[in-house]
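Engineer: I'd like to ask some things about the structure below.
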Amino acid sequence: MWKTIAKRVILMIPQIFIFSILVFLFAKLMPGDPFTGLITPNMDAQTMETIRQQASLNDPWYIQYTNWIGNALQGDFGQSYTYSVPVSTLIGQRIGNTIWLSVVSVLITYLLAIPLGMYAGRHNDSLGDKVISFYHYAGFAVPTFIFALLLIWLFGYTLHIFPTRGVVTTGIASGNLAYIWDRFYHLLLPALAYALLATTSIVQYLRAGIIDAKQEDYVRTARSKGIPENKVYSKHIFRNSILPIASFSGYDITGLIGGSIFIESIFSFPGMGQLFISSVGARDYSVVTALILLFGVAALLGALVSDIIMSIVDPRIRIE
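Per full-length UniProt numbering, the sequence shown starts with residue 1, numbered consecutively.
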């Protein structure tokens, strides 16, 4: 298994290389450049051209790419034109927030989805199953930003249960339990907003898998042997029904590294998604290219993690 994983990692190298070229070229095709917003009536064209020349923006694209990817391999993604700090420093300040938001979101998602999917599949066509199905269709129909705003209105402004923005309360000293709890408290509402919508597809996959699996011959055989019904579902049906979810669970885990753009923007959560949106608006190409490259690498890792999880859930499946 470890040998196969090593081969997959080696195959990811040319994929990342090709992806980095596409990212760089698409960034160059964006209108304007990082200095477009600096142009004022008092700035002459010669001064602006000098600034662009000093930033090597007039060099051929392949020379710019070679310099960029060479520095990126050393952890240097250049300087942010907007924040005037190294891009790696800027990402380092945000990625921790997004990782914690991702971890809490995934935990809540699966803690909600698996019991709901198990119940709906086991008691299909019951009143509870119809309620869960209604929740499933409503989750697909409601846009993320509207749902997040509803949660802010309900839990933030009406019930005053959760804070509605930021990552920590201003004035709390770091390094103690109160600070840790306050950060976790700020995570709950955006994580809940993401998880409640993300559960819908998982519930539906699990429900359909259980309905199909409980009609199989091996389930009838287990029941004929007198195995308790709860054990039939937990040991036989659930393990086979979970395979479709396991096939894309790696994408759920690593895909959240990019953060939810809508969730982080609405909750003013200083993570990777919010940084990406602000960088696109400011034409901060060095930050945009670095973030897209990071998101792409995370997607490739997600495919590898999904295969590993599949092989753990079902030993019959091996990574090809």
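The beta carbon of each residue, even a glycine, is placed where N, CA and C say it ideally should be.
Using the Cβ count rule (16 or more neighbours within 10 Å means buried), how would you classify E264?
Structural biologist: Taking the sequence shown and counting its residues from 1, the one referred to as residue 264 is at position 264. E264 is buried by the Cβ-count criterion.
Engineer: Rounded to whole angstroms, what is the Cα-Cα separation between Y218 and L304?
Structural biologist: Residue mapping note: residue 218 aligns to position 218 of the sequence shown, counting from 1. Residue mapping note: residue 304 aligns to position 304 of the sequence shown, counting from 1. Straight-line Cα distance between these residues: approximately 31 Å.
Engineer: By how many angstroms is the C-alpha of P86 removed from the C-alpha of I95?
Structural biologist: As a first step, residue 95 must be located in the sequence shown, where it is residue number 95. As a first step, residue 86 must be located in the sequence shown, where it is residue number 86. Each residue's alpha carbon lies about 14 Å from the other.
Engineer: Check whether the Cβ atoms of F147 and S286 sit closer than 8 Å, and answer yes or no.
Structural biologist: The residue given as residue 147 occupies position 147 in the sequence shown. The residue given as residue 286 occupies position 286 in the sequence shown. The answer is no: Cβ separation not under 8 Å.
Engineer: So who's on the other strand from P86, going by DSSP bridges?
Structural biologist: Walking along the sequence shown from the start, residue 86 turns up at place 86. Answer by DSSP bridge pairing, in chain order: Q79.
Engineer: Rounded to whole angstroms, how far is the Cβ of residue 330 from the Cβ of G271, which I believe are closer than 8 Å?
Structural biologist: In the structure as shown, the chain starts at 1 and stops at 320, and residue 330 therefore has no counterpart that could be examined.
Engineer: Our contact map puts Y81 next to D284 with C-beta atoms below 8 Å; I'd like the distance itself, whole angstroms only.
Structural biologist: Stepping through the sequence shown from its first residue, residue 81 is reached at position 81. Stepping through the sequence shown from its first residue, residue 284 is reached at position 284. Between D284 and Y81 the Cβ distance is about 5 Å, and since that is below 8 Å, they are a contact.
Engineer: Please say whether G117 and R239 have beta carbons closer to each other than 8 Å?
Structural biologist: Taking the sequence shown and counting its residues from 1, the one referred to as residue 239 is at position 239. Taking the sequence shown and counting its residues from 1, the one referred to as residue 117 is at position 117. Not in contact: R239 and G117 (Cβ atoms no closer than 8 Å).
Engineer: Which of helix, strand or coil does DSSP assign to V280?
Structural biologist: Translated into positions along the sequence shown, residue 280 becomes position 280. In this structure, V280 counts as helix in the three-state DSSP scheme.
Engineer: Hey, how far is the Cα of D125 from the Cα of G273?
Structural biologist: As a working mapping, residue 125 is identified with position 125 in the sequence shown. As a working mapping, residue 273 is identified with position 273 in the sequence shown. C-alpha separation (whole angstroms): 39 Å.
Engineer: How would you write the range of the alpha helix (DSSP H) that K130 sits in, first residue to last?
Structural biologist: For the purposes of this step, residue 130 is taken as residue 130 along the sequence shown, with counting starting at 1. Segment 127-141, the alpha helix (DSSP H) holding K130.
Engineer: Relative to the C-alpha of P143, which residue among S224, L159, S260 is closest?
Structural biologist: In the sequence shown, counting from the first residue as 1, residue 143 sits at position 143. The candidate whose alpha carbon is nearest that of P143 is S260.
Engineer: So residue 325 is in the alpha helix (DSSP H); what residue range does that whole segment cover?
Structural biologist: In the structure as shown, the chain begins at 1 and stops at 320. Residue 325 is therefore absent and cannot be evaluated.
Engineer: Would a C-beta distance cut-off of 8 Å place S234 and M310 closer than the cut-off?
Structural biologist: Taking the first residue of the sequence shown as position 1, residue 234 is located at position 234. Taking the first residue of the sequence shown as position 1, residue 310 is located at position 310. Cβ distance not < 8 Å, so S234 and M310 don't count as in contact.
Engineer: Cutting at 6 Å between CB atoms, please list the residues of its own chain near N67, excluding the five before and the five after it.
Structural biologist: The residue given as residue 67 occupies position 67 in the sequence shown. Once the five neighbours on either side are set aside, N67 has no close Cβ partner at all.
Engineer: Measuring alpha carbon to alpha carbon, tell me which of D307, I242, I266 ends up nearest R165.
Structural biologist: Mapped onto the sequence shown, residue 165 falls at position 165. When only C-alpha atoms are compared, the closest one is I266.
Engineer: Between D182 and the rest of its own chain, which residues show a CB-CB distance below 6 Å, the 5 nearest in sequence each way excluded?
Structural biologist: Mapped onto the sequence shown, residue 182 falls at position 182. V168, T169, I172.
Engineer: Out of A290, L301, D307, I312, state which residue places its alpha-carbon closest to the alpha-carbon of L25.
Structural biologist: As a working note, residue 25 is residue 25 in the sequence shown. Here the closest residue by C-alpha is A290.
Engineer: With 16 other CB atoms within 10 Å as the buried threshold, where does residue 326 fall?
Structural biologist: Past the boundaries of the shown model lies residue 326; the chain is included only from 1 to 320, so the question cannot be answered.
Engineer: Let me confirm a value: V131 is counted as buried when at least 16 other C-beta atoms fall within 10 Å, else exposed. Which label applies?
Structural biologist: The sequence position of residue 131 within the sequence shown is 131, counting from 1. Classification for V131: exposed.
Engineer: For F134, I'd like the list of residues in its chain whose CB is within less than 8 Å of its CB, leaving aside the five on either flank, ordered along the chain.
Structural biologist: Taking the sequence shown and counting its residues from 1, one reaches residue 134 at position 134. No residues qualify anywhere along the chain.
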